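Peer 1: Numbering (this note's numbering) for the sequence shown: 15 to 738.
Where is the CB? At the ideal position from N, CA and C, for every residue including glycine.
Values in this document were obtained by computation on a predicted structure and should not be read as measured data.
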Amino acid sequence: MPKQFQVIPYQFDSQLEYTLLQQHRDYLSWPIVYFLQNKKEAYVGETIDVVTRMKAHLKTEKKQDLKSVSLILSDLFNKSATLDVESNLIRYIAADGQFNLLNGNLGISDHKFYQQKEVYWELFRDIWSELRSLGIARHSLEHIDNSDLFKYSPYKSLSREQTNGLKLILNCLLDDQAKISLIHGGAGTGKSILAIFLFKLLKTDLKDFNRADFDESDEELFQLVESVRQKYGDLEMGLVIPMRSFRKTISNVFKNIKGLSSKMVIGPAEVAKRKYDLLIVDEGHRLRRWKNLAAYYGTFRKVSQQLGFDELTCSELDWIELQSDRSIIFYDEFQSIKPSDVDAQRFIDLQLKSSTRIERLRSQFRVRGGAPYMDLIYGVFTDNTTVTPKPFESIHYDFKLFDDLDEMVETIKRKDAQDGLCRMVAGFAWEWISKNDRTLKDIIIGESQLQWNSVEVDWVNSANAINEVGCIHTTQGYDLNYTGLIIGPELDYDFNTKSFVVYKDEYKDKNGKISITDPTVLKNYILNIYRTILFRGIQGTYVYVCNDNLRTYLSQFIRLQQEQDVEQKDELVISDDPSDSCIPFYDLAVAAGSFSELQQHESVKHIQLNGGYDHQHYFACKVVGESMNKIIPNGSICLFERYQGGSRNGLICLVESSSFEDRDFGANYTIKEYSSKKTITDEGWQHQEIILLPKSTDDSYSPIVLKDEETVDLQVIGVFKMVL
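Here you go:
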């Protein structure tokens, strides 16, 4: 394959201009991307005039400590491509954690240019692999995609409505009559991203503010930013997060962002320590009042008295208003989950004040099921639902109802091995008896025995989380790829009254039910809990229901796992004759020659498959053996996409090579997770080492390592898509 790019490092010093003029005349007026760095700090940029830009950087005081520059050159680059590669580099370098970025870049545009998917992303994947081989980047793109540093990075693009929300907040800061911006938004609407983005924006030096990262025609936004900075200078700010677990996660994010500090992320009680120009409150629905506070009663009383409030009638919302000249509160009434949360009427009263400005976020950024899925969950988990009884269908979202809990647990574990960040979560319907004795099991359903989370803070990212079960308190605010939800025996359904039923004795969160005398109030809290958990999964949610009536009710709206399995098996029609709806099916277990020969073999079968999988780009193979059983069960027929180029690192690939014989296939084919190291020569980059990694519960399977000339004849035939 012809070389698509070069990464060339140079010393970042006074000789750089001469070097560029001598060695890169063809690229002096050509779009390029560059990476400035020292051991701890870095800056990413793009330009069509590299000499002028480097001279400007050498004169900039903040960049004089940078020691080297890596130029990324490609004949494929145009302005669109370099903007896209630059924005991706900023996002992923910031989340990779190796460097503190000096970029003031915020609101990076999601450049949707012609051929972006076909050219730019694959080109970026290859560039990233090269940067990993050079030690500039550390982690795979797949690993970074699951990291909190990436999910909550301020180097993100904003939607139009988020930009409108940003303008409202900035106007509020400039309006002497406006004190509070109340930003309504449901789960997954990007409230936390906007809060973090705003914090970084107001801490960014105006000299580093890159207008090209926003809609350059949006003069109103630029003028607002400049006016706020001129009015306030360096704002005394705090990001208030009521939930301790999520607060710890965001503190770690702030610690790794240039210009921010983990000390800027605070709990509500810490606002008493000083006055603030601006307090930004994320998850404002979890601010507390004097009710069911347990061990927090003492702190609540102390802070209330210190600030001059009656602890019996005030709330943490009052603390926020008193201790800040301006405040921005992100709020979702449907995520209030216990009596200690500030009463919803308090926020209604707040909205009626002339000093309050209101904005609503509606776009869904987390759940790939989008608005149809969100509407379904809100509608189904409501008494006297008006939702039409039919199973939810979406090619974008995996929503299933399981009758076998063990099967759901194993499915979540397989998904975690493949995608990462998949967790079991349950309603609070079992005592936490394993807290002090990890030999005990908390959740016992039939033959299934499970344990609650072993840690309370940042459980989602803890080492043993995949083998445990989290609750609302350890997952609220977090993103997951897949959620396995157990709806406990505390919630049921009455078909006669067409309403939900709560069995109070089965609900084990003492602070979540004590002092509640109205059953409707408790029911609303519990329904909010389950709605909130059902909005955690980005790619899918699996559900197991303890009570029969509720399972029957939900089966009207969620397709049963067994039905989906039968449908998938029914769809898998194997025939001798091809058709427009068929893809080829190759039997690697009996293959004697090369894959190219196998494609021409007379005995090639064909599989009918719905969903637009054309025979030119997709094929199927039967996978035998246990080397990938964490992801692909032995004997599975799997869908592959024909390899068309681009980085393979971190992907499960079907490969062919004469340098090995797979112990399961008995042939020169294997299916493993692909990893490689590259080196640069005068002719371009070459593979130094290729590692093919098993993903198996059987430790006897070892990685296949190919070095030097062994890598030459290896061919990547296809990339694994899914088990059919």
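Buried or exposed: glycine 732, going by 16 or more other Cβ atoms within 10 Å of its Cβ?
Peer 2: Its Cβ being crowded by 16 or more others within 10 Å, glycine 732 is buried.
Peer 1: So is lysine 721 buried or exposed if we call it buried at 16+ other beta carbons inside 10 Å?
Peer 2: The residue is exposed, with fewer than 16 neighbouring Cβ atoms inside 10 Å.
Peer 1: Determine the direct distance from the alpha carbon of arginine 382 to that of tyrosine 567, and round the result to whole angstroms.
Peer 2: So the two alpha carbons sit approximately 24 Å from each other.
Peer 1: Using the beta-carbon count (16 or more within 10 Å), is proline 403 buried or exposed?
Peer 2: Answer is exposed; the Cβ neighbour count stays below 16.
Peer 1: Give me the DSSP bridge partner(s) of valine 439.
Peer 2: Bridge partners of valine 439: Gly484 and Leu499.
Peer 1: Only counting the same chain, and skipping five residues up and downstream in sequence, which positions put a Cβ closer than 7 Å to that of isoleucine 183?
Peer 2: Closer than 7 Å at the Cβ level, and outside the excluded window around isoleucine 183, lie Ser195, Leu212 and Ile342.
Peer 1: I need the DSSP call for lysine 131, collapsed to helix, strand or coil.
Peer 2: Only weak support is given to the placement of lysine 131: the predicted model assigns it a pLDDT of 43, under 50, and the question is left unresolved by the model.
Peer 1: Do you know offhand how far valine 559's Cα is from leucine 435's?
Peer 2: One C-alpha to the other measures close to 22 Å.
Peer 1: State the beta-bridge partners of tyrosine 478 as determined by DSSP.
Peer 2: Going by the sequence as given, residue 478 is asparagine instead of tyrosine. BP columns for asparagine 478 are empty, so no partner.
Peer 1: Which runs of the alpha helix (DSSP H) at least 4 residues long sit entirely within the segment 305 to 378? Give them in chain order.
Peer 2: For the segment 305 to 378, whole alpha helix (DSSP H) runs of length 4 or above, ordered along the chain, are 311 to 320, 330 to 337 and 358 to 366.
Peer 1: Excluding sequence positions up to five away, which residues of its chain have a Cβ less than 8 Å from the Cβ of histidine 410?
Peer 2: Correct list, in chain order: Arg382, Gly383 and Gly384.
Peer 1: Can you find the residues in the same chain that come closer than 7 Å, C-beta to C-beta, to glycine 179, ignoring five residues on each side of it along the sequence?
Peer 2: Answer for glycine 179: Ile197, Leu208, Glu373 and Leu375, listed in chain order.
Peer 1: Within the continuous beta strand (DSSP E) that includes glutamate 655, where are the two ends?
Peer 2: Start and end: 650 to 656.
Peer 1: Are the beta-carbon atoms belonging to glycine 769 and alanine 440 less than 9 Å from one another?
Peer 2: Because residue 769 is not part of the residues shown, which for the chain are 15 to 738, the question remains open.
Peer 1: Which ranges does the beta strand (DSSP E) cover as unbroken runs of at least 3 residues, wholly within the segment 15 to 44, from first to last along the chain?
Peer 2: You should have 20 to 25.
Peer 1: Applying the criterion that 16 or more other CB atoms from any shown protein chain within 10 Å of the CB defines a buried residue, is lysine 305 buried or exposed?
Peer 2: Flag for lysine 305 reads buried.
Peer 1: What are the boundary residues of the alpha helix (DSSP H) that asparagine 430 is part of?
Peer 2: For the record, residue 430 in the displayed sequence is aspartate; it is not asparagine. 419 to 433 is the extent of the alpha helix (DSSP H) around aspartate 430.
Peer 1: List the whole-angstrom C-beta distance separating phenylalanine 416 from valine 587, where the pair is believed to meet the contact cut-off of C-beta under 8 Å.
Peer 2: No, phenylalanine 416 and valine 587 are not in contact; Cβ-Cβ is about 26 Å, not under 8 Å.
Peer 1: Roughly how many whole angstroms lie between the Cα atoms of valine 483 and lysine 367?
Peer 2: One C-alpha to the other measures close to 42 Å.
Peer 1: So, at 6 Å on beta carbons, what are the nonlocal neighbours of arginine 105 in its own chain, with the 5 sequence-adjacent residues on each side left out?
Peer 2: Result list for arginine 105: Tyr169, in chain order.
Peer 1: My output table needs one value for asparagine 92: the three-state DSSP class, helix, strand or coil.
Peer 2: The answer is coil: DSSP assigns asparagine 92 none of H, G, I, E or B.
Peer 1: Where does lysine 619 fall in DSSP's three states?
Peer 2: Lysine 619 falls in the strand class under three-state DSSP.
Peer 1: Can you tell me whether DSSP reads cysteine 667 as helix, strand or coil?
Peer 2: Of the three classes helix, strand and coil, the one that applies to cysteine 667 here is strand, per DSSP.
Peer 1: Does DSSP put glycine 252 in a helix, a strand or coil?
Peer 2: It is a strand residue.
Peer 1: At which residues does the alpha helix (DSSP H) containing serine 195 begin and terminate?
Peer 2: From DSSP, serine 195 is part of no alpha helix (DSSP H) but of the beta strand (DSSP E) over 194 to 199.
Peer 1: Give the C-beta separation of glutamine 622 and cysteine 652 to the nearest angstrom, bearing in mind that I take them to be a contact with Cβ-Cβ under 8 Å.
Peer 2: In fact, because the Cβ distance is near 16 Å, the residues do not count as touching under 8 Å.
Peer 1: By the 10 Å Cβ neighbour count, where 16 or more other Cβ atoms means buried, how is alanine 70 classified, buried or exposed?
Peer 2: Classification of alanine 70: exposed, given that the 10 Å Cβ count is below 16.
Peer 1: Hey, would you say phenylalanine 549 sits closer than 9 Å to arginine 360, going by beta carbons?
Peer 2: No; because the gap between Cβ atoms is not below 9 Å, this pair is not in contact.
Peer 1: Hey, is the segment 237 to 247 in contact with the segment 264 to 281, meaning 3+ C-beta pairs nearer than 8 Å?
Peer 2: Because the criterion of three Cβ pairs below 8 Å is not met, the segment 237 to 247 and the segment 264 to 281 do not touch.
Peer 1: Spatial neighbours of serine 513 within its chain, please: C-beta separation below 8 Å, excluding the five flanking residues on both sides.
Peer 2: Answer for serine 513: Asp397, Asn398 and Tyr507, listed in chain order.
Peer 1: Can you tell me which residues form a DSSP beta bridge with lysine 686?
Peer 2: DSSP lists Cys667 as partners of lysine 686.
Peer 1: Does the beta-carbon distance from lysine 619 to isoleucine 666 come in below 9 Å?
Peer 2: No, the pair does not count as a contact, with Cβ atoms beyond the cut-off.
Peer 1: Take arginine 662 and list the residues in its own chain whose beta-carbon comes closer than 8 Å to its own, dropping the five residues that flank it on each side.
Peer 2: Taken in chain order, the residues that qualify are Tyr688, Ser690, Val730 and Val733.
Peer 1: Excluding sequence positions up to five away, which residues of its chain have a Cβ less than 7 Å from the Cβ of serine 329?
Peer 2: Counting only Cβ-Cβ distances below 7 Å, and skipping sequence neighbours, we find Leu301, Arg302, Arg303, Val356 and Arg360.
Peer 1: Whether or not the segment 41 to 54 and the segment 83 to 90 are in contact is what I'm after, with contact meaning three or more pairs of Cβ atoms, one per stretch, closer than 8 Å; do they touch?
Peer 2: Cβ pair count under 8 Å is three or more, so yes.
Peer 1: When you compare only the Cα positions, how much space is there between glutamate 75 and isoleucine 362?
Peer 2: Rounded to whole angstroms, glutamate 75 to isoleucine 362 spans 50 Å at the Cα level.
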